[in-house]
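Q: Right, I'll just put the structure down here and ask away after.
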Amino acid sequence: MTNEEFKCWINGFLTLTSDDSFNLRQYKIIKNHTELVKAITGHLTSDILNFLVQLESMIHKQGFISISDFKDCVKFMQTN
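Position one of the sequence shown corresponds to residue 48 (the working numbering), numbered consecutively onward.
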């Protein structure tokens, strides 16, 4: 999976969810996909790294990530 493919995947992940928030398990799924990107390409782009930092901060502060916060992070990642 490349960095661009990850961005497409995360959009699909967001589109297909019917949840109001993401929990730690779902965060780990996202994190595992970024590890796949690193294994294939050798690096993550800065926008994906910033995306992960934002998600990690939210999950550690609140124990979950609201869908609205998640959408904001995804939008930010796509514009950079």
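Glycine included, every Cβ here is placed at the ideal spot set by N, Cα and C.
1) What three-state label does DSSP hand Ser-65 in the structure shown?
2) Output the distance between the C-alpha atoms of Asp-116 and Lys-75, rounded to the nearest integer angstrom.
3) For Cys-55, count neighbouring Cβ atoms within 10 angstroms of its own Cβ and tell me buried if that reaches 16, exposed if not.
4) Using 9 Å as the threshold, is the C-beta distance between Ile-95 and Asn-58 below it?
5) Okay, do the segment 105-124 and the segment 79-87 touch, 3+ Cβ pairs below 8 Å being the bar?
6) Under 9 Å between the Cβ atoms of Ser-33 and Ile-112?
A: Taking the definition as stated:
1) coil
2) 17 Å
3) exposed
4) no
5) no
6) Absent from the model: residue 33. The displayed extent of the chain is 48 to 127, so no value can be given.
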